[in-house]
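Visitor: The sequence shown begins at 22 in the working numbering and counts up by one. Could you have a look at this structure, given as structure tokens, before my questions?
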Amino acid sequence: MKELIEYIARSLVDDPSQVEVNCDRGGNKTRVELRVAKEDMGRVIGKGGRVANSMRVLLRVAAAREGKQASLDVVEPR
């Protein structure tokens with residue numbers, strides 16, 4: 022699941038080296054955090070949050086195929 026989000030994010034942004042994906046697993050649930058460069062936040066979130074929501078849907082489908090649950094958080098850059 023981490024690889025899926027990392028692949029999508031690196032495909033969208035101008036600076037793929039700034040993409041950082043962290044996973045917190047707790048039993049059957051996984052929380053995925055995505056960090057990108059400040060300049061690329063708009064590309065990852067998309068107009069009205071459409072891109073981020075699409076990534077969340079894909080993540081949930083991939084997790085469901087493994088019998089798990091997953092959520093995606095796009096975190097503000099440091």
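The beta-carbon is built from N, C-alpha and C at its ideal position, and this holds for glycine as well. If you're wondering where the values come from, they're calculated on a predicted model, not measured in any experiment.
Counting C-beta neighbours from all protein chains within 10 Å, is the total for V42 16 or more, i.e. buried, or is it exposed?
Guide: Along the sequence shown, read from residue 1 onward, the residue named residue 42 stands at position 21. So V42 counts as buried.
Visitor: Whole angstroms are fine: how far does the CA of D35 sit from the CA of V96?
Guide: Numbered from 1 along the sequence shown, position 75 holds the residue referred to as residue 96. Numbered from 1 along the sequence shown, position 14 holds the residue referred to as residue 35. When rounded, the distance between both Cα atoms is 17 Å.
Visitor: Measuring only the C-alpha atoms, how far is A84 from L55?
Guide: For the purposes of this step, residue 84 is taken as residue 63 along the sequence shown, with counting starting at 1. For the purposes of this step, residue 55 is taken as residue 34 along the sequence shown, with counting starting at 1. If you take the alpha carbons of A84 and L55, they lie about 16 Å apart.
Visitor: Taking the alpha-carbon positions, what's the Y28 to N74 distance?
Guide: Taking the sequence shown and counting its residues from 1, one reaches residue 28 at position 7. Taking the sequence shown and counting its residues from 1, one reaches residue 74 at position 53. About 16 Å.
Visitor: Beta-carbon separation of L80 and L25 under 9 Å?
Guide: Your numbering for residue 80 matches position 59 in the sequence shown. Your numbering for residue 25 matches position 4 in the sequence shown. Cβ distance < 9 Å, so L80 and L25 count as in contact.
Visitor: Taking Cβ to Cβ, would you say V57 is nearer than 9 Å to K23?
Guide: For the purposes of this step, residue 57 is taken as residue 36 along the sequence shown, with counting starting at 1. For the purposes of this step, residue 23 is taken as residue 2 along the sequence shown, with counting starting at 1. Contact: no.
Visitor: Report the three-state DSSP secondary structure of N74 (helix, strand or coil).
Guide: In the sequence shown, counting from the first residue as 1, residue 74 sits at position 53. N74: helix per DSSP, three-state reduction.
Visitor: When DSSP labels each residue in this structure, what does G69 get in the three-state scheme?
Guide: The sequence position of residue 69 within the sequence shown is 48, counting from 1. Helix, per DSSP.
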